[in-house]
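Engineer: Chains as they are written, first to last, in my numbering: chain B, 1 to 238; chain X, 239 to 476.
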DNA sequence: GACGCGCATTGATTTACATCAAGGAAATGA
DNA sequence: TCATTTCCTTGATGTAAATCAATGCGCGTC
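Set out below in structure tokens:
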């Protein structure tokens, strides 16, 4: 099966200010451009499986992907939510230790792994930016550990909504109530993200609704009349 | 209060093969050496607090430290266990987002932060190694998220013991049963690490003992007659 | 329009772990 | 030596979330 892949010019790239290439000079972009190709992935499709060989690393240009790990009996935990500009893959290693799945339709800006490893040695701006992104990801992971280990179901849901708002809304928009967010993932995926069951997610969402903290429009849209009230429910620290 | 700090020659450094400086050439070590100082920290002391300014980054030469985050009401989650050769701090940023505490007496090999940031730009081997260490830490964090979100108390305890064995025992020694481990942290710290209470930790340890998976000698030493049996209890994947 | 299918909600019940409450054992110190 | 403290274990009880089990709702298909 031939994969449909193609190349695109960087100048109109929507993630050029945040992705791993954000700090690059034009000549550096030119070098990256030579090992790059775009790759669409349909919602629901597997991008890579744990332990599997992957011969590229990539930036997410558009769409949402999830990183997850499972126990043999099927219990699954999402260990990362990958949004546009985020980086997928591990340079210098052929395999990854988690599954990567397209949650929505996805556009990846892929770099062949071996030449990318070489570029990492040669282009300081790529390496610098990647290191910074890893530190940010590590901080987010630590916040998530606090959530998974110590927060109640209600706090988990509230934290999740706060995260969704922060990642999809400009800071200044937060002052214009009500805030609206479109949830990018299903109840089931939220449950896997928060270390809960789908039933608990559903119950806590309706509980927050009954308490007037949020209101729901359809299954995917959440309206938040008072963002501070929601943050208070989240136990702070995100 | 004057801090007691001092400098030490790198050639006998016990962590020189794994720390952030592991890939350095002699001339690079020389440069690092100029901004470095040793710093002892007593068990129980705080190394740094969340949000606080820290003017150094450091490698742990000996001892164990913990990274933790708390909610306002006191619930605490350990988000990292820092062992010898591990790196503490965030280059390029003045503050960190978690508390760092000395679990045992600690020896830190500190680098003044600002010159270290500069060195990171200039010495590719440091940057390279740091990036690799961050990826490893990220993988470990993801394993931990799976544990926190989806494992039972018994699996958590077993996973913790497996981790302790893997970090303190050479692979080939695992074939010589029984394996012995010294737990570096108290029950209370284990509870904070695993997202449990101290009582549950205690109960699960005695349950594993009664089932013949482990035996306990004093409060800190664990003997594992059959390491594979313990791994089976851990739900695999560590 | 009726059927099936995939998601989400809601209710009843169970259970794993937390919380509350006592004690025991080893370390520290007068 | 006996307090005192610190750390750990064990037991009784409570509870938050899981599990089990219907039911509802939108949506595409025949």
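Just so it is clear, CB atoms sit at the ideal spot from N, CA and C, and this is done for glycine as well. All values derive from a computational prediction rather than experimental measurement.
From which residue to which residue does the alpha helix (DSSP H) around residue 168 (chain B) run?
Structural biologist: 153-168 is the span of the alpha helix (DSSP H), which, as asked, contains residue 168 (chain B).
Engineer: Within the 8 Å Cβ cut-off, does residue 241 (chain X) reach chain B?
Structural biologist: Summary for residue 241 (chain X): the model assigns pLDDT 49, below 50, so the residue's position carries little reliability; its value from the coordinates is reported in the next sentence. Output row for residue 241 (chain X): interface = no.
Engineer: Which partner residues does residue 112 (chain B) have in the DSSP bridge list?
Structural biologist: Beta-bridge pairing links residue 112 (chain B) to B:56.
Engineer: May I ask you to report which of helix, strand or coil DSSP gives residue 333 (chain X)?
Structural biologist: Here residue 333 (chain X) sits in strand by DSSP.
Engineer: Just list the beta strand (DSSP E) runs in the segment 402-445 of chain X, keeping only unbroken ones of 3 residues or longer that don't cross its boundaries, in chain order.
Structural biologist: You should have 417-420.
Engineer: By DSSP, does residue 364 (chain X) sit in helix, in strand, or in coil?
Structural biologist: In the structure shown, residue 364 (chain X) sits in a helix (DSSP, three-state: H, G or I).
Engineer: From the DSSP secondary-structure annotation, give me the bridge partner or partners of residue 459 (chain X).
Structural biologist: Residue 459 (chain X) pairs with X:420 and X:455.
Engineer: Between residue 478 (chain X) and residue 133 (chain B), which are expected to be in contact by the criterion C-beta below 8 Å, what is the C-beta distance as a whole number of angstroms?
Structural biologist: Because residue 478 (chain X) is not part of the residues shown, which for chain X are 239 to 476, the question remains open.
Engineer: Pull up the CB-CB distance for residue 388 (chain X) and residue 150 (chain B), whole angstroms please, since I reckon it's below 8 Å.
Structural biologist: In fact, because the Cβ distance is near 15 Å, the residues do not count as touching under 8 Å.
Engineer: Buried or exposed: where does residue 51 (chain B) fall if 16 or more other Cβ atoms within 10 Å of its Cβ makes it buried?
Structural biologist: Answer is exposed; the Cβ neighbour count stays below 16.
Engineer: Contact criterion: CB-CB distance below 8 Å. Does residue 20 (chain B) meet it with respect to chain X?
Structural biologist: No, residue 20 (chain B) lies away from the interface with chain X (no Cβ there is under 8 Å from its Cβ).
Engineer: Examine the Cβ distances between the segment 408-419 of chain X and the segment 456-472 of chain X and report whether three or more of them are shorter than 8 Å.
Structural biologist: As far as the Cβ criterion goes, the segment 408-419 of chain X touches the segment 456-472 of chain X, which means the pair count is three or higher.
Engineer: Under a Cβ-count criterion, where at least 16 other Cβ atoms within 10 Å of its own Cβ denotes burial, should residue 156 (chain B) be classed as buried or exposed?
Structural biologist: Under this definition residue 156 (chain B) is a buried residue.
Engineer: Residues in the segment 400-413 of chain X with C-beta within 8 Å of chain B's C-beta atoms, listed in sequence order?
Structural biologist: From the segment 400-413 of chain X, no residue has a Cβ closer than 8 Å to chain B.
Engineer: Can you tell me which of the three DSSP states residue 307 (chain B) falls into?
Structural biologist: The shown model of chain B, from 1 to 238, leaves out residue 307 (chain B), and the question about it has no answer.
Engineer: From the DSSP output, in three-state form, read off residue 31 (chain B) for me.
Structural biologist: If DSSP states are grouped into helix, strand and coil, residue 31 (chain B) belongs with the helices.
Engineer: Just by C-beta distance, which residues in the segment 362-384 of chain X are closer than 8 Å to chain B?
Structural biologist: Taking 8 Å as the Cβ-Cβ cut-off against chain B, the residues of the segment 362-384 of chain X that qualify are 362, 365, 366, 368, 369, 370, 372, 373, 375, 376, 377, 379, 380, 381, 382, 383 and 384.
Engineer: For residue 147 (chain B), name the three-state secondary structure that DSSP assigns.
Structural biologist: It is helical.
Engineer: Quick check on residue 336 (chain X) - is its C-beta less than 8 Å from some C-beta in chain B?
Structural biologist: Taking Cβ atoms only, chain B reaches closer than 8 Å to residue 336 (chain X), which makes this a yes.
Engineer: Comparing C-alpha positions only, which one of B:34, B:217, B:82 and B:234 sits nearest to residue 112 (chain B)?
Structural biologist: It is B:34 whose Cα lies nearest to the Cα of residue 112 (chain B).
Engineer: When you compare only the Cα positions, how much space is there between residue 368 (chain X) and residue 124 (chain B)?
Structural biologist: Near 14 Å, if we compare the C-alpha coordinates of residue 124 (chain B) and residue 368 (chain X).
Engineer: Just to confirm my understanding: we take residue 217 (chain B), look at its own chain, exclude 5 residues before and 5 after, and list those with CB closer than 7 Å. What are they?
Structural biologist: Cβ within range, chain order: 223.
Engineer: With 8 Å as the threshold, decide whether the Cβ of residue 291 (chain X) is near any Cβ in chain B.
Structural biologist: Not one chain B Cβ lies under 8 Å of residue 291 (chain X).
Engineer: Do residue 335 (chain X) and residue 90 (chain B) count as a contact pair if the criterion is CB distance below 8 Å?
Structural biologist: In this structure, residue 335 (chain X) does not lie closer than 8 Å to residue 90 (chain B) by Cβ.
Engineer: With distances taken from CA atoms, which of X:284, X:268, X:257 and X:283 is nearest residue 296 (chain X)?
Structural biologist: Checking every option, the nearest Cα to that of residue 296 (chain X) belongs to X:257.
Engineer: Note down, in chain order, each residue of its chain lying with its Cβ closer than 7 Å to the Cβ of residue 36 (chain B), except the 5 sequence neighbours on either side.
Structural biologist: Once the five neighbours on either side are set aside, the close Cβ partners of residue 36 (chain B) are 7, 109, 110 and 111.
Engineer: Closest to residue 234 (chain B) by CA distance: which of B:41, B:101, B:17 and B:152 is it?
Structural biologist: Checked all of B:41, B:101, B:17 and B:152; the closest Cα to residue 234 (chain B) is B:152.
Engineer: Should residue 232 (chain B) be labelled buried (16 or more other beta-carbon atoms within 10 Å of its own) or exposed?
Structural biologist: So residue 232 (chain B) ends up on the exposed side.
Engineer: Can you name the residues of chain B whose CB is closer than 7 Å to the CB of residue 313 (chain X)?
Structural biologist: Chain B residues near residue 313 (chain X): 150.
Engineer: Give the range of the alpha helix (DSSP H) segment to which residue 16 (chain B) is assigned.
Structural biologist: No alpha helix (DSSP H) holds residue 16 (chain B); DSSP gives it neither H nor E.
Engineer: For residue 317 (chain X), which residues of its own chain have a beta-carbon under 7 Å away from its beta-carbon, when the five flanking residues on both sides are left out?
Structural biologist: If we look at residue 317 (chain X) and ignore the five residues flanking it on each side, its Cβ neighbours are 305, 306, 307 and 336.
Engineer: Establish whether the CB of residue 235 (chain B) and some CB of chain X are separated by less than 8 Å.
Structural biologist: By this cut-off, residue 235 (chain B) is an interface position.
Engineer: One question on the structure: do residue 301 (chain X) and residue 148 (chain B) come within less than 8 Å of each other, judged by their Cβ atoms?
Structural biologist: No.
Engineer: Check distances from the C-beta atoms of the segment 79-94 of chain B to those of chain X and list, in chain order, the residues that come in under 9 Å.
Structural biologist: Going along the segment 79-94 of chain B in chain order, one finds 79, 80, 90, 91, 92 and 93 with a Cβ nearer than 9 Å to chain X.
Engineer: Once the 5 residues before and after residue 55 (chain B) are set aside, which same chain residues still bring their CB inside 6 Å of it?
Structural biologist: 113, listed in sequence order.
Engineer: Considering just the uninterrupted stretch of the beta strand (DSSP E) at residue 48 (chain B), what are its terminal residues?
Structural biologist: From DSSP, the beta strand (DSSP E) with residue 48 (chain B) extends over 46-48.
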